[in-house]
Each structure stands twice: as C-alpha cells, then as structure tokens.
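These notes concern the structure reproduced below.
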Amino acid sequence: MKNLSEAMNWRYSTKAFDPNKKISEADFQHLKNILRLSPSSVNIQPWHFVIADDKSGKSRVARGTEGSYEFNMPKVIDASHVIVFCSRIYADDSFLDEVLDKEDIDGRFAKPDLKEQMHQGRKMFLETRRYDQKDESHWLIEQVYLNMGALLLGAATLGIDAVPMEGVDLKALDEEFALRAKGYTAVGIVSLGYRCEDDFNANLPKSRLSEEVIITKA
Ligand SMILES: Cc1cc2nc3c(=O)[nH]c(=O)nc-3n(C[C@H](O)[C@H](O)[C@H](O)COP(=O)(O)O)c2cc1C
11 MKNLSEAMNW RYSTKAFDPN KKISEADFQH LKNILRLSPS SVNIQPWHFV
61 IADDKSGKSR VARGTEGSYE FNMPKVIDAS HVIVFCSRIY ADDSFLDEVL
111 DKEDIDGRFA KPDLKEQMHQ GRKMFLETRR YDQKDESHWL IEQVYLNMGA
161 LLLGAATLGI DAVPMEGVDL KALDEEFALR AKGYTAVGIV SLGYRCEDDF
211 NANLPKSRLS EEVIITKA
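My numbering applies: residue 11 is where the sequence shown begins, and numbers increase by one.
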C-alpha cells in the first residue's frame, strides 16, 4: 500500500497492459468498494458501472473503441478489468425515493422529519441544476467523474495500473449495453491491470503545471 503522494507519482496513464496479468479478486473488491463509497453532491449517487473482466466482456466494451478510437482498443482488450462509468440521464422522482429510502434503511434518520428535510435539500440542489442552470445531466456526470478520480487514486495505492478514457464512442457503448433504456448513459471507461514492461509511457517524466501557477493563498 503506497502513501498518497507516492501513489500519485507512481500512477500514470497506462498505454500498454500485460495481457497475462489479472487483478486478484480481493484487490478488485477494494476497487468495487471505492465505486460504492465515493462521495457525491447530496449523496445523489447517480452512477452505474458495467464491469468487463473476461474476454467476451472486454470485446463488448471494445466496440466503443472502433473507428476513430482504435488507438484505445488494445488498452481495453489487454487490461485485466474494464469499467464503463455510466451516469443517470435524469434523477427522476423514483430514483430520489430509492436513494432516500436506502439512507433510511442505513440508519441516517433518527426522526422522520429529518428524512423529509434530506429529501427537500436534495431536491433543492437538483432543481437548481434542472431548472435554473438547465444542466441536470451535466451535474450528474460531474458526480460520476469524482468517482472516477477516487477509483484512479485507489487503484494506484494498491499498485494497480489504470487508464481513464474519454476517447470512446459513448453512443456505441450506450447501444451495446442498452444503457439509455435503463436510464443511464456512458460517460467514459477505465481500464485496469498491470503495465507491460515496454509501455513507452511508463518511463516518461510527469508533466504538471507548478504549484505557484495552480495555487493561490487566499
Ligand atoms: C477524463 C480523462 C480522459 C482521458 N482519456 C484518455 C484516452 O482516451 N486515451 C488515453 O490514452 N489517455 C486518456 N487520458 C489520459 C490523460 O492523457 C493523462 O491522464 C494525462 O496526460 C496525465 O498523464 P498521467 O495520467 O500519465 O499522469 C485521459 C485522462 C482523463 C483524466
């Protein structure tokens, strides 16, 4: 287990995976825990994950890398696991109730009026984005990206290589997994596994804007 700075320095976007190396079930369970435990605004949890962990699953995900995105195809085929990050298209009333009821079951509300308060608070945030800013689906996707960030860091702490990919045909993935009919749409994918010894990207130095550029003291 690496500390956070070590993990962030160690991780890089893996361009070539060793097709013979598999993430253990125990390690992958840690990654699934991250997918569940990731925070989201008002605990909205607007995500779903399609996970490919074998040849046939990966070849289905690889349909999203046909055409313009072929450069990403080997990263899907050779990885140990591939996760399709999906976002809810809308947070409709029945989904809001599902989240609220789960919070209730999980013991979040000591009194019934706290449950109602939570519901109203969540609706306030949602309706600001839905009606005032008119970007509900964008807000939901923002939460999914937070989850992706958590997963990348978590994988690195476990010594698991990963590459996030937006270079995929999201419409093709929606079709392949019939996501839209289930209220979801694909946002991006993350391949996970272990780097190939000759991955050119593994030995390149990191390039990041300096602290002075990106941080200002208030
Ligand atoms: C949301 C997101 C989408 C990305 N999409 C791709 C992609 O489609 N293919 C790829 O090879 N790398 C992709 N990358 C990797 C970035 O190019 C990489 O994270 C960045 O250059 C920083 O390098 P590092 O991850 O090696 O530290 C993506 C990264 C992020 C965060």
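Heads up, the beta-carbon is just placed ideally off N, CA and C, and yes, glycines get one too.
Small disclaimer: the values here were computed from a predicted structure and weren't measured.
Asked: Own chain, CB closer than 7 Å to Pro29, minus 5 neighbours either side, in chain order; Found: Asp88
Asked: Counted within 10 angstroms of its Cβ, other Cβ atoms place Trp284 as buried (16 or more) or exposed; Found: Only positions 11 to 228 of the chain appear in this structure, which leaves residue 284 out of reach.
Asked: Which listed residue (Pro122, Asp123, Ala120 and Gln153) has its alpha carbon closest to that of Leu136; Found: Gln153
Asked: Coarse secondary structure for Thr167, derived from DSSP in three states; Found: helix
Asked: Whole-Å CB distance - Ala172 paired with Thr75, under 8 Å assumed; Found: Incorrect: roughly 16 Å between the Cβ atoms, too far for contact.
Asked: For Val94: DSSP bridge partner residues; Found: Val60 and Ile199
Asked: Nearest-angstrom Cα separation, counted from Lys121 out to Phe187; Found: 40 Å
Asked: Distance cut-off 6 Å: Tyr100 Cβ against heavy atoms of ligand 1; Found: no
Asked: Proximity test, Pro174 beta-carbon vs ligand 1 heavy atom, cut-off 6 Å; Found: yes
Asked: Under the three-state DSSP convention, the category Ala160 falls into; Found: helix
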